[in-house]
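This report refers to the structure that appears directly beneath it.
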Amino acid sequence: MAVSERSPVRVRIAPSPTGFAHLGTASTALYNVLFARQRGGTFVLRVDDTDVERNRPEYEALIYESLHWLGLDWDEGPDKGGADGPYRQSERLDLYKQHAVRLLADGKAYKCWCTREELEAERKQALAEKRAYKYSRRCLLNPPAGRSEFTVRFQVPGGEVTFNDMIRGEMRFDAELMGDFIIVKSDGYPTYQFASPVDDAVMMITHVIRGEEHLSNTPFQLLIIDALGYPRPVAFAHMPLILAHDGAKMSKRKHPETNLALYREQGYLPEALINYLALLGWNPGTSQEIFSFDELVRVFSFERVQHAGARFDWEKLNWINGEYIRALDDSELARRLRQFVPELDESTICRAVPALRTRLPKLAAAREYLDYLWTEPQPPDLNPEAAERVRSAIAALREAPWEPPAIEEALERAVEASGAGKGKFYTPIRDALTGKKVSLPIHYTLALLPRDVALARLLRATAER
RNA sequence: GGCCCCGUCGUCUAGUGGACUAGGACGCAGCCCUCUCAAGGCUGAGAUCGCGGGUUCGAAUCCCGCCGGGGCUACCA
Numbered sequence: 005m006a007v008s009e010r011s012p013v014r015v016r017i018a019p020s021p022t023g024f025a026h027l028g029t030a031s032t033a034l035y036n037v038l039f040a041r042q043r044g045g046t047f048v049l050r051v052d053d054t055d056v057e058r059n060r061p062e063y064e065a066l067i068y069e070s071l072h073w074l075g076l077d078w079d080e081g082p083d084k085g086g087a088d089g090p091y092r093q094s095e096r097l098d099l100y101k102q103h104a105v106r107l108l109a110d111g112k113a114y115k116c117w118c119t120r121e122e123l124e125a126e127r128k129q130a131l132a133e134k135r136a137y138k139y140s141r142r143c144l145l146n147p148p149a150g151r152s153e154f155t156v157r158f159q160v161p162g163g164e165v166t167f168n169d170m171i172r173g174e175m176r177f178d179a180e181l182m183g184d185f186i187i188v189k190s191d192g193y194p195t196y197q198f199a200s201p202v203d204d205a206v207m208m209i210t211h212v213i214r215g216e217e218h219l220s221n222t223p224f225q226l227l228i229i230d231a232l233g234y235p236r237p238v239a240f241a242h243m244p245l246i247l248a249h250d251g252a253k254m255s256k257r258k259h260p261e262t263n264l265a266l267y268r269e270q271g272y273l274p275e276a277l278i279n280y281l282a283l284l285g286w287n288p289g290t291s292q293e294i295f296s297f298d299e300l301v302r303v304f305s306f307e308r309v310q311h312a313g314a315r316f317d318w319e320k321l322n323w324i325n326g327e328y329i330r331a332l333d334d335s336e337l338a339r340r341l342r343q344f345v346p347e348l349d350e351s352t353i354c355r356a357v358p359a360l361r362t363r364l365p366k367l368a369a370a371r372e373y374l375d376y377l378w379t380e381p382q383p384p385d386l387n388p389e390a391a392e393r394v395r396s397a398i399a400a401l402r403e404a405p406w407e408p409p410a411i412e413e414a415l416e417r418a419v420e421a422s423g424a425g426k427g428k429f430y431t432p433i434r435d436a437l438t439g440k441k442v443s444l445p446i447h448y449t450l451a452l453l454p455r456d457v458a459l460a461r462l463l464r465a466t467a468e469r
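Mapping of the first sequence onto the working numbering: residues 5 to 469, in sequence order.
This is the structure in structure tokens:
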């Protein structure tokens, strides 16, 4: 029996705090939030921290931080509370224990005293005989005596497990092929395959939206829910995986783009990342590419979610991010730029913004355009003609009002008088000011520097050496 | 090995039997604009629709086989 279609939608994400906040977590969170907002439902954040070895509280904080940065907020969670708390699995151990005891009493689970070595041997043997491995049920049929350390295994009843996936339709799995799996580890902690379905059932989760790596875990979890007599979630949705650029699964070690903190540090706008993530795995069916969060809530649907994994592409992200940056107004762009150029005062940033806007695929790129403001470049080696042009620029600049338009006018008069082209005229100036081949337009490059500093750099470049 | 998911330009994708000389976007190339770099405008290259068989008057679209990629197969989640 399924939870009624009319019951309020409840969805959840269940990240594990075992490392930095992951891109996949953001992606899954996004689709959950979209669906919840669309249906007026509740979005739950549950922390799946049953891996005692790898969990760290600071990683949990990182998850909150990253999701908040992205503007994704939850309705219930460890930090917010809610009627179905606690929301940390490590604080729900009694609950899992009760359920395990119930399954044991009902004869739907049994204790297993096999050692890891014995199990490993079973697996190896199956492999050698080219047989699909399935636990032998030794401890159910003929348990060894005199052992104290045990796990609890679920006795798979066999048959067939079917469920509805909102993306892939009716899914069908043969439970005869599934071995009896461990639901309680020897340290007393539940396994993911047990804690997750128990919580989903008890928290009355109606739609389980998660990554495709969980597709084949679903029948295991459904078997648990059925055995416990709980209603099943109405539906599942298994989102296509985000692949690395080389087509492999993203790994934390090999692929820095898995780390959410990176996007913030590099100056990707959260709304741009959200937009990109939405498009990676879903398609609106129109040519629209830029979506606000509210638009996404309106048009998102699981019917248009891709079935195949999508490769992560920095170029496309950069483009989308650039679109968002260009759409920002002056004061907002200046505000967001602040933390990326702490060397500069407010007014300098504000004056740079109009020239910066079309040049930034990400906010951190502003540093390359502006670092000459706090770093003195090497004086260039100018040929006599270039030095002469710089001298005439100095003369023209002495009485010009120190603003981009006035500077541009003064310079253009000097260019005309010199008979040279703008290129020949401006290049040595740019070089003297920044030491680079690329900069903001020359009048901005000058105006952002205090006049005396700018003139000093130009003067120095004309000096005989 | 077993089970499951998937396979259209380099990448993300549109496409659900005829309107497909396979469309769009990113990227790439050229031109225009231009002091450099961007942005913007225009133009262009780029996909025998993984392969092989069917079905059909007609297939990227339906069926079968194969190949390739991914996931699960843990006392990780």
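Beta carbons: idealized from backbone N, C-alpha and C, even for Gly.
Per-residue burial, Q225 [other beta carbons within 10 Å of its own, 16 or more giving buried]: buried
Sequence-distant residues of its chain with Cβ nearer than 7 Å to L245 (five each side left out): G215, E216, E217, K253, G313
Taking 7 Å as the cut-off, is the beta-carbon of D88 closer than that to any non-hydrogen atom of the ligand GTP? Although the ligand GTP was asked about, the structure shown includes no ligands whatsoever.
Once DSSP output is grouped into helix, strand and coil, what is the label at F240? strand
Local Cβ density within 10 Å of S255, reported as buried at 16 or more and exposed below that: It is exposed - the Cβ of S255 has fewer than 16 other Cβ atoms within 10 Å.
Cross-strand partners of W286 (DSSP beta bridge): In the DSSP output, where bridge partners are listed per residue, W286 has V309.
Taking contact to mean 3 or more Cβ pairs, one atom from each stretch, closer than 8 Å, check whether the region 257 to 277 and the region 233 to 241 are in contact. no
Helix, strand or coil: which one does DSSP assign to G271? In the structure shown, G271 sits in coil (DSSP, three-state: anything other than H, G, I, E or B).
Rounded to whole angstroms, what is the Cα-Cα separation between F198 and R302? 35 Å
I'd like the ranges of any beta strand (DSSP E) spanning at least 3 consecutive residues and lying wholly in the region 105 to 159. Taking only runs of at least 3 residues, the beta strand (DSSP E) segments lying wholly in the region 105 to 159 are 113 to 116, 155 to 158.
From R14, N322, S70, L450, residue whose alpha carbon lies closest to that of G44: R14
Compute the distance between the beta-carbons of A397 and L386, then report whether it is under 8 Å. no
Pair within 8 Å by beta-carbon distance, I209 and N36: The criterion of a C-beta distance shorter than 8 Å is not satisfied by I209 and N36.
With 16 as the cutoff for other CB atoms within 10 Å, does W78 come out buried or exposed? buried
Just the C-alpha distance for F177 and Y196, rounded to the nearest angstrom, thanks. Going from the Cα of F177 to the Cα of Y196 covers about 19 Å.
Answer yes if the region 322 to 335 comes into contact with the region 350 to 365, meaning at least three C-beta pairs across the two stretches below 8 Å, and no otherwise. yes
Relative to the C-alpha of E372, which candidate in S443, Y68, R417, E133 has its C-alpha closest? S443
Using three-state DSSP, classify F167 as helix, strand or coil. strand
Can you look up T46 in the DSSP assignment and give me helix, strand or coil? strand
CA-to-CA distance, A282 to K440, given in whole angstroms: 38 Å
Can you tell me the Cβ-Cβ gap for R50 and R106, rounded? I've got them flagged as a contact below 8 Å. Actually they do not touch by this definition, with Cβ atoms about 21 Å apart.
Taking 8 Å as the cut-off, decide whether the C-beta atoms of D52 and S200 are in contact. Cβ atoms of D52 and S200: closer than 8 Å.
How many Å lie between R323 and T438 at the Cα? Sequence inspection shows Trp at residue 323; the Arg mentioned does not correspond to that position. For W323 and T438, the distance between alpha carbons rounds to 27 Å.
Give me the DSSP bridge partner(s) of N263. H26
Cα-Cα, which of E327, F306, Q310 is closest to F295? Among E327, F306, Q310, the Cα nearest to that of F295 is on E327.
Tell me whether P388 sits in a helix, a strand or coil according to DSSP, three-state version. helix
Can you tell me which of N325, D435, H26, Q129 puts its alpha carbon nearest to the alpha carbon of P384? D435
Closest Cα partner of V368 within the set V345, D349, Q292: Reading off the sequence shown, one finds Ala at residue 368, where the question assumed Val. Nearest of V345, D349, Q292 to A368, Cα basis: V345.
Can you look up V7 in the DSSP assignment and give me helix, strand or coil? Low confidence applies to V7: its pLDDT is 46, below 50, so where it sits in the model is not reliable enough to give any reading.
Complete alpha helix (DSSP H) runs within the region 336 to 369 (minimum length 4 residues, chain order): 350 to 360
Under the rule that 16 or more other beta-carbon atoms within 10 Å means buried, what is T379, buried or exposed? exposed
Kindly list the residues whose CB is nearer than 7 Å to the CB of D55, restricted to its own chain and excluding five residues on each side of it in sequence; keep chain order. S20, T22
Would you list the residues sitting across from A314 in a DSSP beta bridge? I246
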